[in-house]
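Asks:
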Amino acid sequence: MAFSISFNSSSVLTSTVKILKRSISTTRVLANKQMTVRDALNSAMDDEMERDERVFILGEEVAMYDGAYKVSRGLYKKYGEKRVIDTPITEIGFAGIAVGAAMAGLRPICEFMTFNFSLQAIDHVINSAAKTFYMSAGMVNVPIVFRGPNGAAAGVAAQHSQCFGAWYSQCPGLKVISPYSSEDARGLLKAAIRDPDPVVFLENELLYGNQYPITDEVLEKDFVLPIGKAKIERKGDHITFVAHSKGVELALDAAKELSSIGIEAEVINLRSLRPLDINTIIQSVVRTNHIISIEQGWPYAGIGSEISAQIMESEAFYHLDAPVIRVTGADVPMPYTKSLEIAALPQINNIVDAAKKLLGVQFGLLNLIKKKIVGQINKFHILKTVNIALHRHNYFYHTCHIIFDSLLFALVLILSNLLLAPPSAGVGWSDKNSLTSFCVGTVNGYSSLIFSIAFPKFSNGPSGGGCSNGPVSRKSYK
């Protein structure tokens, strides 16, 4: 028996459509939405110019040419020449005009064709924009955004490839943002335009054309991201990667490669360089006990150096199993030759090699056993408190830490011998007494050695031993 459905009735058609809508999941649709970083920046400026008539753009080729990188595409036609302004090639001139306009109550977006050219205007960025609120006793705000591509591009040599993240982050009075994805670019640029203080917005030319997934929430008119809050791009338990801008992409690719050998790296996208979300970094280090910072800028006094210093001065120091490692650009001006340019920038293999070295992959089984045991111990509050207390006292910590490793190493040797060479094969432990002797000898030997290293003042030697007040210097362990 056949039947048919008639859609002559509008009510039947409406109800059928509603049922179809309810039966279709939107999760896949949202996951497949993509937006380039260029379009994210463009839409953010469009939204804010529509929302607030005080917002305007000025810079070289931002109007009639739609921007050197097409970031301001279409805005000149929509808002006109009074709000999208082409300037002469004189950064010191139009940056000064923008700062003065901000002091008078407008909200300028000052575009540098590249932040390398901001050196021509750095007096206005630092002395005029960053310091005026303080020097006016809080009476004069300077709500301005300095934005443009920052860091290494491709084949543009030393004068067009510099990262200014550390430069501007060092100056109080500035907020410094370094986005990675389309979500970062859109949410943080809108927040920067609305902020009452000067913001340096460091984009990356090589990321402009990259597409990243977004949700409907990101496209909402009032979507903003908080300045000073990092994002965990990837969860992991063994090591922490901290990066910004292009470095996040490198960190994610390195983490993917490391996962194939069982190392799970947590990747933190800083988003903001000043203020720095050090709390998110500390919480991650407490769990992973290892950290690598990744940036394309120079190593000396860089972002990684600041992160390392703040970790050393925080509670996270007592949770580190190894020193903080920095993977950075080479400490040289950017070469023009392509092969040398690649050598001057951090690559995925540099991060992977650094992580393997830091974790000591050759003793992977030992580290894994130790991490599991310590993880179980830390579940109990009292034992966790004791564990942290031991970390805080070098005498006890170094002794306990190394003896614990030694005992585990001895255990692995014993198990390996028993499993790989049973007594029936004529090799290995012939009886329990020899096994016991080996265990006792190993533990006693390691304990004596470690005690003499950790407490040289107490050891009998040519110096005569003895004890002095105060903690043992770290140099004593070398």
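Residue numbers (the UniProt record's numbering): 1 to 478. Glycine included, each C-beta is placed from N, C-alpha and C at the ideal position. Remember, it's a predicted structure, so these values are computed and weren't measured experimentally.
(1) Taking buried to mean at least 16 other C-beta atoms within 10 Å of its own C-beta, is Gly138 buried or exposed?
(2) Do Arg326 and Val176 have their C-beta atoms closer together than 9 Å?
(3) Based on Cα-Cα distance, which residue from Ile92, Ile303, Gly155, Gln162 lies nearest to Asn116?
(4) Less than 7 Å between C-beta atoms, sequence neighbours within five positions excluded: which residues of the same chain meet that for Ala354?
(5) Can you pull the DSSP bridge partners for Asp353?
(6) Using only the alpha-carbon positions, how far apart do Ile307 and Phe317 sit?
(7) Report the partner residues of Ile109 according to the DSSP bridge assignment.
(8) Contact check, Ala68 vs Ile92 under 8 Å by CB: the rounded distance?
(9) Give, in chain order, every unbroken run of the beta strand (DSSP E) that is at least 3 residues long and sits entirely within the region 232 to 307.
(10) Distance, Cα to Cα, Asp184 vs Pro299?
(11) Which of helix, strand or coil does DSSP assign to Lys78?
(12) Which value, in whole angstroms, describes the spacing of the CA atoms of Val145 and Tyr212?
(13) With distances taken Cα to Cα, identify the nearest neighbour of Gly247 among Ala63, Ala98, Glu233.
(14) Please go through the same chain and pick out, in chain order, the residues whose beta-carbon is closer than 7 Å to the beta-carbon of Pro335, but skip the five residues on each side of it.
(15) Could you check what DSSP says for Arg326 in three-state terms: helix, strand or coil?
(16) For Ile214, does the three-state DSSP call read helix, strand or coil?
(17) Look at the alpha carbon of Gly209 and the alpha carbon of Gly96, and state the distance between them as a whole number of angstroms.
(18) For Glu264, tell me which candidate among Thr240, Asp46, Glu61 has the shortest Cα-Cα distance.
(19) What residue range does the beta strand (DSSP E) around Glu203 cover?
(20) Expressed to the nearest angstrom, what Euclidean distance is found between the alpha-carbon atoms of Pro88 and Gly236?
(21) Under 9 Å between the Cβ atoms of Leu270 and His244?
(22) With a floor of 4 residues, list each alpha helix (DSSP H) that falls wholly inside the region 115 to 180, ordered by position along the chain.
(23) Buried or exposed for Asn204, going by 16 or more other Cβ atoms inside 10 Å?
(24) Mind the definition here: the region 252 to 266 touches the region 212 to 229 only if three or more C-beta pairs lie below 8 Å; say whether that holds.
(25) According to DSSP, simplified to helix, strand and coil, what is residue 504?
(26) Cutting at 8 Å between CB atoms, please list the residues of its own chain near Val332, excluding the five before and the five after it.
(27) Taking the DSSP output, what are the residues bridged to Ile85?
(28) Per DSSP, Thr36 forms a beta bridge with which residues?
(29) May I have the straight-line CA-CA distance separating Asn289 from Val156, to the nearest angstrom?
(30) Would a C-beta distance cut-off of 9 Å place Gly74 and Asp52 closer than the cut-off?
(31) Please classify Asp222 as buried or exposed, where buried requires at least 16 neighbouring CB atoms within 10 angstroms.
(32) For Ser178, which of Arg83, Glu295, Tyr79 has the nearest alpha-carbon?
(33) Looking at C-alpha atoms only, which residue of Pro108, Pro346, Gly329 is the closest neighbour of Asp197?
(34) For Ser314, does the three-state DSSP call read helix, strand or coil?
Replies: The structure says:
(1) exposed
(2) Their beta carbons are not under 9 Å apart, which means Arg326 does not touch Val176 by this criterion.
(3) Gln162
(4) Correct list, in chain order: Ile292, Ile325, Val327.
(5) For Asp353, which the question treats as bridged, DSSP gives no partner whatsoever.
(6) 12 Å
(7) Ile109 pairs with Ile57, Val145.
(8) Actually they do not touch by this definition, with Cβ atoms about 19 Å apart.
(9) With a minimum length of 3 residues, the continuous beta strand (DSSP E) runs that stay inside the region 232 to 307 are 239 to 243, 265 to 269, 272 to 274, 291 to 294.
(10) 25 Å
(11) Residue state, collapsed to three classes: helix.
(12) 24 Å
(13) Glu233
(14) Glu341, Ala344
(15) DSSP, reduced to helix, strand and coil, places Arg326 within a strand of the structure shown.
(16) coil
(17) 31 Å
(18) Thr240
(19) 199 to 203
(20) Their backbone Cα atoms lie some 49 Å apart in a straight line.
(21) yes
(22) 132 to 135, 165 to 169
(23) Per the 10 Å Cβ criterion, buried.
(24) no
(25) In the structure displayed, the chain extends from 1 to 478; residue 504 sits before or after that span and is not available.
(26) Cβ neighbours of Val332 beyond the five flanking positions: Ala344.
(27) Leu58
(28) Gln211
(29) A straight-line Cα-Cα distance of about 39 Å links Asn289 and Val156.
(30) Contact flag unset, no.
(31) That one is exposed.
(32) Comparing Cα-Cα distances from Ser178 to each of Arg83, Glu295, Tyr79, the minimum goes to Glu295.
(33) Pro108
(34) coil
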